[in-house]
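Let me begin by presenting the structure, written as structure tokens, before commenting on it.
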Amino acid sequence: MQALEVSGVTKTFGERRAVDGVSLAVNQGEILGLLGPNGSGKSTLMKIIVGILKPDAGAIQVLGNDATKDPTAVKRIVGFVPESPRLYEFLSGIEYLDFVADVHGLVPSAKHERISHFLKALDLEGRENELINGYSQGMKQKLAIIAGLLHRPQLLVMDEPLNSLDPRSARIVKDLIHKLRDDGVATIFSTHVLEIADAICDRIVIMDAGRVVEQGSTGDLKAKAGTPGSTLEEVFLKLTGTSDTREIVEALSH
Amino acid sequence: MRTAYELAVVLTKSQLRGYQRRRLMARIFGDPRIILVLDALFLVVPALLFYMLSGALPSGIEGSLRELEVEALAGIPTAIAFMVILFGVLSEISQAAESMSTDLVNWLPITPSEYVAGSTMSLTYTYSFMLSFLLGVSLGPALRFGMILVWGASALMAVLSLFIGACVVELLRSVTNRISSSFYKKSGRSGIFVRLALTIVVLVFVQLLFSGRIVVYLLQGIMLTVRVAWFVPVVWPSLAVLAGSQGNTLTFVSFAGMTFAFFLILFGLAVRLRAIYWVPIPVSIRLTNQAYHPLRRITILPGFGSAEAAIFRKDMRSLTRRREMTRFLAIPFVLVVSLSISLLPISGTAVPEGLGFFALIPLYVIPLTVFSAVVSMTSLGQEGSAVWNIYVAPITARQLLKAKILSALLLGLAFSVTMAIFLGVLLRIATAHIVLLVTLGIAIVLGQSAMGMYFGARFPDFREMIRSRFISVWGSLIGTFLCLLLAMLTALPILLSIYVRRIITYDFAIVTFAIGLILFFVGWKLAERQIRTLIQEIRV
Ligand SMILES: Nc1ncnc2c1ncn2[C@@H]1O[C@H](COP(=O)(O)OP(=O)(O)O)[C@@H](O)[C@H]1O
Ligand SMILES: [Mg+2]
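Chains as they are written, first to last, in our numbering: chain U, 158 to 411; chain D, 37 to 576.
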């Protein structure tokens with residue numbers, strides 16, 4: 158069974174087609190990188206996958222569960238980290254995680270253990286009793302990542318998760334995703350940092366204007382770009398029609 | 037002065053725009069000039085209306101009408117100060133602490149006095165339509181009775197009072213800001229609670245101080261001994277107008293001068309406080325230093341799982357910790373204070389059986405309904421931009437409804453019981469009748485919390501802004517109106533039985549309670565369906 162199967166998903170906001178007939182699949186224990194320029198529909202697609210937006214057409218299956226027919230079942234096995242997450246600012250970090258764990262029905266002993274484990278791993282220990290109000294953007298991001306992982310999801314959906322993380326924490330999150338892969342957890346995440354995608358993804362999907370324009374392993378993509386030894390960046394720019402960056406920069410600097 | 041003026045324009049615009057968000061409405065009501073139009077309308081229309089009305093009355097009562105007009109003219113200045121402060125307290129003070137301290141003006145090169153001047157101007161300008169309405173109403177009879185000079189005196193003092201009220205709001209802003217910032221530093225759970233309590237105490241105290249009712253008492257005292265009222269600055273404008281109406285120019289000038297001096301003192305105080313206390317708050321509250329211990333799973337109610345309990349606990353915490361919630365918590369206190377002020381004259385005598393109690397019921401029902409409906413209608417919208425947490429959670433509409441309705445019910449019930457007991461003690465009502473009031477209260481709270489939940493789910497507003505509303509303007513208007521209607525329906529059997537039989541009986545309380553229960557179940561069904569639709573797709 159595939160961890161995630163997206164077929165023909167379309168979503169329109171008013172006149173704008175944010176997602177346009179996207180189909181893709183993620184295997185269990187696979188890490189999929191979602192690349193694409195701003196506004197290409199990555200965030201919208203991810204919200205549809207976790208069941209908080211309804212597609213206009215198409216179907217989503219998460220480990221055999223239909224996301225539109227039984228969203229609650231899907232939400233139980235999916236972990237989601239949104240882009241620039243907004244948290245309950247009046248709770249302390251620990252209270253927030255406690256809330257998330259309770260909503261997922263974790264038993265108290267497991268809850269305690271997992272929360273303290275993650276707090277320590279992401280350097281939040283000692284700050285957990287402060288109100289989130291006073292946290293830095295990076296600390297909030299870490300909390301949201303922990304919240305997405307607490308209930309041991311089978312599918313992890315993360316929208317630019319490494320944004321505003323310090324290098325050490327970004328490294329820890331990357332390693333964590335790798336480690337989860339060994340336990341069979343599938344991950345789909347978006348990023349603008351191509352090196353990261355290159356380094357940790359098994360497979361990459363490139364979106365542009367709501368459509369999937371290319372997918373495959375990083376090796377496949379580089380091969381497809383034609384010139385041997387080309388980087389992922391060059392592939393990306395070529396596929397998304399922004400390869401003439403040099404001209405733009407020249408024009409700007411005059 | 038120029039800077040202060042420009043600042044006033046900016047503040048007024050942002051104030052107006054805080055309320056209006058629809059396109060066309062925003063264009064019309066976002067323009068400060070709209071207030072001038074309103075001012076003119078509110079002055080001219082009532083003036084004409086009351087001019088004609090006072091001419092159409094039989095001449096026999098002209099003498100008492102003249103007296104009434106003098107009293108009204110004397111009352112306007114104090115009334116306007118009270119109203120500005122009340123509005124200011126309810127809408128200005130409730131801004132989120134963070135948005136106040138990171139307010140752009142903190143970083144602009146503006147002196148405290150420029151800021152206070154600008155802000156005071158903006159406040160007086162925004163609330164000036166209330167003043168022109170009061171002046172318009174009193175202008176008609178004044179023209180008719182040839183009291184235009186007294187009216188002029190009243191208008192002058194009222195403008196001064198408007199500025200005084202605005203200064204007090206300014207002062208309150210600084211003081212409440214100070215309260216929060218000092219407790220932010222002290223931190224801890226008790227700190228948060230003390231901050232909330234202190235804020236409410238300050239608000240209620242100021243409201244009392246500037247209440248029109250108390251002024252009326254003092255004015256009654258003046259008739260006997262002028263010396264008493266001498267010491268109370270709040271009544272100086274009224275004393276000035278009274279002196280003017282008796283043609284006592286010297287007394288008028290001295291009271292007017294004292295009022296102006298009072299304004300200057302308040303202004304100076306506001307500037308000083310702003311300069312001292314208006315520092316951006318370093319926000320970092322540590323709640324506890326103890327190690328984390330997860331709560332044993334507590335079942336609050338049968339059928340209440342850990343998810344519902346978690347949402348309930350979060351909402352209770354938000355109540356005491358979020359600055360925007362202070363105004364909701366303050367509603368009961370402010371209402372109870374206003375109520376007790378208006379009830380004071382009859383507090384010495386026990387209320388007679390039957391009709392006295394009859395009159396008491398709206399007094400009990402209306403504040404309770406407003407509080408209960410507001411708490412319930414805003415309960416979903418409160419999630420704000422963090423609402424995605426609810427959307428990604430594996431919970432059903434019913435679970436969410438259960439969690440949300442429990443806090444609305446608890447708050448409503450607490451208020452209904454407290455207020456029944458309070459009224460009972462104040463008016464020396466028999467215990468059995470207090471029980472009747474409580475029964476009525478429970479019936480109303482049951483209906484309101486469920487119905488309010490429906491409106492909250494139908495018209496939620498998750499946007500977080502300086503004045504977060506949690507429910508759309510239309511939703512709150514329609515919701516409050518219908519909730520009041522339903523509350524009346526609930527109270528109707530008791531009211532009717534008392535009215536018809538002229539004694540208090542308990543049998544109809546059962547009917548009232550049954551109506552409450554029915555409304556609860558109908559509201560529950562409506563709300564559950566609406567929440568199911570709501571959580572299908574995130575809208576932020
Ligand atoms: N709630 C919404 N309402 C209207 N348009 C939206 C909404 N969310 C996204 N869009 C539009 O859909 C397109 C895709 O947005 P998004 O999925 O956020 O792109 P990405 O995450 O790849 O930058 C954009 O053009 C955006 O303006
Ligand atoms: Mg995005």
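Ideal Cβ positions, reconstructed from N, Cα and C, are used throughout, including at glycine.
- prompt: So who's on the other strand from G236(U), going by DSSP bridges?
  reply: Translated into positions along the first sequence, residue 236(U) becomes position 79. Paired residues: L313(U).
message: Can you confirm whether V260(U), when its beta carbon is compared against all beta carbons of chain D, has any partner nearer than 8 Å?
response: Within the first sequence, numbered from 1, the residue matching residue 260(U) stands at position 103. So yes, V260(U) belongs to the interface.
- request: Check each candidate in G193(U), P318(U), L300(U) and name the one with the smallest Cα separation from V369(U).
  value: One-based indexing of the first sequence puts residue 369(U) at position 212. Taking only the C-alpha atoms, the option nearest V369(U) is G193(U).
message: Quick check: the stretch 200 to 215 of chain D against the stretch 164 to 174 of chain D, are at least 3 beta-carbon pairs closer than 8 Å?
response: Output reads no: the stretch 200 to 215 of chain D does not touch the stretch 164 to 174 of chain D.
field: the stretch 300 to 317 of chain U in contact with the stretch 272 to 282 of chain U per 3-pair CB rule at 8 Å
entry: yes
- prompt: Can you list the residues of chain U that V480(D) reaches, using a CB-CB cut of under 9 Å?
  reply: As a working mapping, residue 480(D) is identified with position 444 in the second sequence. At residue 480(D) the sequence reads Ile, which differs from the Val that was named. Result: empty, since nearest Cβ-Cβ is about 29 Å, beyond 9 Å.
message: Strictly by DSSP, which residues pair up with N222(U)?
response: Your numbering for residue 222(U) matches position 65 in the first sequence. N222(U) is bridged to V219(U).
field: Segment limits, beta strand (DSSP E) that includes A182(U)
entry: Reading the first sequence from its first residue, position 25 is the one you call residue 182(U). First-last of the beta strand (DSSP E) with A182(U): 173 to 183.
field: Within-8 Å CB hit, S421(D) to chain U
entry: The residue you call residue 421(D) lines up with position 385 of the second sequence. With 8 Å as the cut-off, S421(D) counts as an interface residue toward chain U.
field: Candidates C358(U), K226(U), D365(U), A267(U), of which the one nearest G376(U) by Cα
entry: Residue 376(U) sits at position 219 when you count from the first residue of the first sequence. Comparing Cα-Cα distances from G376(U) to each of C358(U), K226(U), D365(U), A267(U), the minimum goes to C358(U).
field: CB contact check: L244(U) to chain D, cutoff 8 Å
entry: By one-based count along the first sequence, residue 244(U) stands at place 87. By this cut-off, L244(U) is an interface position.
Touch test, the stretch 398 to 410 of chain D against the stretch 432 to 439 of chain D, Cβ-Cβ under 8 Å, three pairs minimum: no
query: So, is the C-beta of L570(D) closer than 8 Å to a C-beta in chain U?
result: In the second sequence, residue 570(D) corresponds to position 534, counting from 1. Not closer than 8 Å to any Cβ of chain U, the Cβ of L570(D) fails to qualify, so no.
- prompt: Going straight from the alpha carbon of F303(D) to that of S164(D), what length do you get?
  reply: Taking the first residue of the second sequence as 1, we reach residue 303(D) at position 267. Taking the first residue of the second sequence as 1, we reach residue 164(D) at position 128. Distance between the alpha carbons of F303(D) and S164(D) is about 19 Å.
message: Spatial neighbours of F78(D) within its chain, please: C-beta separation below 6 Å, excluding the five flanking residues on both sides.
response: By one-based count along the second sequence, residue 78(D) stands at place 42. Correct list, in chain order: F165, S168, F169, G172.
- prompt: DSSP state of L438(U), grouped into three classes?
  reply: Only positions 158 to 411 of chain U appear in this structure, which leaves residue 438(U) out of reach.
Whole-angstrom C-beta distance between E240(U) and E352(U), which should lie under 8 Å: Walking along the first sequence from the start, residue 352(U) turns up at place 195. Walking along the first sequence from the start, residue 240(U) turns up at place 83. About 20 Å; that fails the 8 Å criterion.
message: Taking 8 Å as the threshold (beta carbon to beta carbon), is R233(U) in contact with chain D?
response: Position 76 of the first sequence, counted from the first residue, corresponds to residue 233(U). Interface residue, yes.
- prompt: Going by Cα to Cα distance, which pick from D177(U), F237(U), M158(U), N290(U) is closest to M364(U)?
  reply: Translated into positions along the first sequence, residue 364(U) becomes position 207. Taking only the C-alpha atoms, the option nearest M364(U) is D177(U).
message: Can you determine whether any heavy atom of ligand 1 sits closer than 7 Å to the C-beta of A175(U), and answer yes or no?
response: As a working note, residue 175(U) is residue 18 in the first sequence. Yes, the beta carbon of A175(U) sits closer than 7 Å to at least one heavy atom of ligand 1.
task: For S200(U), verify whether its CB is less than 7 Å away from any heavy atom of ligand 2.
output: The residue given as residue 200(U) occupies position 43 in the first sequence. Checking every heavy atom of ligand 2 against the Cβ of S200(U), one is found closer than 7 Å.
message: Restricting to runs no shorter than 4 residues, where is the alpha helix (DSSP H) found entirely within the stretch 440 to 522 of chain D?
response: 467 to 494
message: Taking 7 Å as the cut-off, is the beta-carbon of F170(U) closer than that to any non-hydrogen atom of ligand 1?
response: For the purposes of this step, residue 170(U) is identified with residue 13 of the first sequence, where counting begins at 1. Yes, since a heavy atom of ligand 1 falls inside the 7 Å radius drawn around the Cβ of F170(U).
message: Following a CB-centred definition, is D365(U) positioned closer than 7 Å to any heavy atom of ligand 2?
response: Sequence index remark: in the first sequence, residue 365(U) carries index 208 (1-based). No, the beta carbon of D365(U) sits no closer than 7 Å to any heavy atom of ligand 2.
field: Members of the stretch 204 to 238 of chain U near chain D, C-beta cut-off 9 Å
entry: K204, V207, G208, I209, L210, K211, P228, T229, A230, V231, K232, R233, I234, V235, G236, F237
The beta strand (DSSP E) enclosing E371(U), as first and last residue numbers: Counted from its first residue, the first sequence places residue 371(U) at position 214. 368 to 373 is the span of the beta strand (DSSP E), which, as asked, contains E371(U).
- prompt: In chain order, what residues of the same chain lie with their CB nearer than 8 Å to the CB of A356(U), ignoring the 5 residues before and after it?
  reply: To locate residue 356(U), count along the first sequence from 1; it is residue 199. Taking C-beta separations shorter than 8 Å and ignoring five residues to either side along the sequence, the partners of A356(U) in its chain run K331, following chain order.
Any non-hydrogen atom of ligand 1 within 7 Å of S197(U) CB: What you label residue 197(U) is simply residue 40 of the first sequence in a count that begins at 1. Yes, the beta carbon of S197(U) sits closer than 7 Å to at least one heavy atom of ligand 1.
query: Taking one C-beta from the stretch 271 to 290 of chain D and one from the stretch 191 to 198 of chain D each time, how about it: are there three or more such pairs within less than 8 Å?
result: yes
message: For A456(D), which residues in the same chain have their Cβ closer than 8 Å to its Cβ, ignoring the five residues on either side in sequence?
response: Sequence index remark: in the second sequence, residue 456(D) carries index 420 (1-based). The residues are Y400, I470, L473, V474, G477.
field: Among L278(D), A479(D), G124(D), L570(D), the one whose alpha carbon lies nearest that of A545(D)
entry: Along the second sequence, read from residue 1 onward, the residue named residue 545(D) stands at position 509. It is A479(D) whose Cα lies nearest to the Cα of A545(D).
message: As a quick exercise: from C203(D), G280(D), E360(D), pick the residue whose alpha carbon is nearest that of A297(D).
response: Position 261 of the second sequence, counted from the first residue, corresponds to residue 297(D). Out of C203(D), G280(D), E360(D), C203(D) has the C-alpha closest to the C-alpha of A297(D).
query: By the criterion of Cβ-Cβ separation under 8 Å, what are the contact partners of E573(D) in chain U?
result: Within the second sequence, residue 573(D) is the residue found at index 537, counting from 1. Here the neighbours are I209, L210, K211.
message: I want to see whether chain U comes within less than 8 Å of Y161(D), judged by CB atoms only; does it?
response: By 1-based counting over the second sequence, the position of residue 161(D) is 125. By this cut-off, Y161(D) is not an interface position.
message: Are there any heavy atoms of ligand 1 lying less than 7 Å away from the beta-carbon of G165(U), as far as the coordinates show?
response: Indexing the first sequence from 1 puts residue 165(U) at position 8. No, Cβ of G165(U) sits at least 7 Å from all heavy atoms of ligand 1.
- request: Have a look at V238(U), G165(U), K232(U), D323(U) and flag the residue whose alpha-carbon is nearest the alpha-carbon of F346(U).
  value: By 1-based counting over the first sequence, the position of residue 346(U) is 189. Among V238(U), G165(U), K232(U), D323(U), the Cα nearest to that of F346(U) belongs to V238(U).
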